[in-house]
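For reference, each letter of the sequence shown is one residue, going 8 to 330 in this note's numbering. Yeah, the Cβ is synthetic: ideal placement off N, Cα and C, and Gly gets one too. What you are looking at is a predicted structure, and each value in this text was computed from that prediction instead of being measured. First the structure, in the form of structure tokens, and then the observations on it.
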Amino acid sequence: MSEGSDKRSDVTLSPMRSLLSPKKLIPILGIIGTLVVVFLYSRYLDYYVTAEDAMVDGNIILISANTQGRIMSLPYNIGDPVSKGMELARIDITGFHALSGINRMNASDYRNLESSLKDEESLTLREKQAKDDYARGVKLHKNGFITAQDLEALKTRLKDLDVQLYRTKRLVMTDRMALSISESHPLNYTVHSPINGQIVERIGQIGQVVSPGQPILSVSDPNVFWILAKVKETRMGHVRVGQPVDIDIDTYPSRHFHGHVERILPTSAAAISLLPAENASGTFVKVVQRIPVRIQVDDAKSLKLLPGMSAEIKIHIRKGSPW
């Protein structure tokens, strides 16, 4: 009876032993582990939106030429600090300004001079006509055809026109001087920094001929920066302005920063790229677009974050923790 009992026990345990054999146990544990990972990852996605395609961005201002001429000096190099109002470049305008109203450095002064010259021309003709009328009136008065009162009126009109013409000529002289001063004023051939910042690029070179609006330098404000993250469009439905953000910057691997979503740009990164993708061949491959999200850093005022530094972000889309 003991032998039969042992045999039945072995038969009962054999399926369990077979199930717990390494060949079957390892796949089962693998499936369980995969399910656990999938569950934990789905929980993670319920609480966070992440993006590795992020970088520090800031105000980079292109400083352009304000006149046509040749660059004579660029006193600052890349990395040099500059203050608002400091002279960044000097442009020689000699030989680049023809006497043409369309190219005047100060259009207001030129219009004033043009108006004064027209007034002078008109008053000169009227004064000549008044002189002729007065000379004719003198002859008519001698012959008794007009009264002394009529002759006096002609004389008074001539004097008034003489005074007006004199004042207009003085005004023309003043406008000419104003135009000359405006054309030679330093503000017309020097370029100044609009902000307190740092030179990040020298585009122009000494001796180069530039036109109005052509970039010469670029200046960045080191105190104004933010994180620009490109978030997958499939996750943008959870992102809202004001949500807290965890930030990791590659330059400071031992530090963790905090911020908040400041702005969501109303277009995808591909739509505003310099070379947007075009489907010229007629084939179409759907790709997940990325939406730029601007994130304000709340606790990095004491650090120097430069535009272009790589970062990773994690947006908290729900309160609490998934664990």
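Considering only Ile213, Ser218, Asp306 and Tyr51, the residue with the shortest C-alpha distance to phenylalanine 232 is Asp306. Inclusion of alanine 58 and valine 238 in the CB contact set at 7 Å is warranted, their separation being smaller than that value.
Apart from the 5 residues on each side of it in sequence, glutamine 250 sits with its Cβ closer than 7 Å to the Cβ of His267, Val268, Ile322, His323 and Ile324 in its chain, given in chain order.
Under a 10 Å Cβ-count criterion, phenylalanine 264 is classified as buried, with 16 or more other Cβ atoms of the shown protein chains found around its own Cβ. With fewer than 16 neighbouring CB atoms inside 10 Å of its own CB, threonine 241 falls in the exposed class. Glutamine 75: not part of any beta strand (DSSP E); DSSP gives it neither H nor E.
Bounds of any beta strand (DSSP E) do not take in glutamate 240, whose DSSP letter is neither H nor E. Of the residues assessed, proline 299 falls on the buried side of the cut-off, its CB having 16 or more other CB atoms within 10 angstroms. Counting only runs of 3+ residues, the beta strand (DSSP E) found wholly inside the stretch 161-214 occupies 197-199 and 204-209, in chain order. Under DSSP, valine 300 shares a beta bridge with Ala236 and Ile271. Around the beta-carbon of glycine 92, fewer than 16 other beta-carbon atoms lie within 10 Å, marking it exposed. Secondary structure note for proline 251: its beta strand (DSSP E) is the uninterrupted segment 251-256.
DSSP places arginine 133 in the helix class (H, G or I) of the three-state scheme. Excluding sequence positions up to five before and after serine 225, its CB lies within less than 6 Å of the CB of Ile67, Leu69, Val207 and Glu208, all in the same chain and listed in chain order. When Pro219, Ser309, Ile210 and Glu94 are compared, the shortest CA-CA separation from isoleucine 85 is found for Ile210. In the three-state DSSP reduction, threonine 57 falls in the strand class (E or B).
Here DSSP, grouped into helix, strand and coil, assigns aspartate 157 to helix. Distance from the CA atom of phenylalanine 46 to the CA atom of leucine 52, rounded to whole angstroms, is 10 Å. Residue environment: isoleucine 39 is assigned as exposed (fewer than 16 neighbouring CB atoms within 10 Å of its CB, all protein chains considered).
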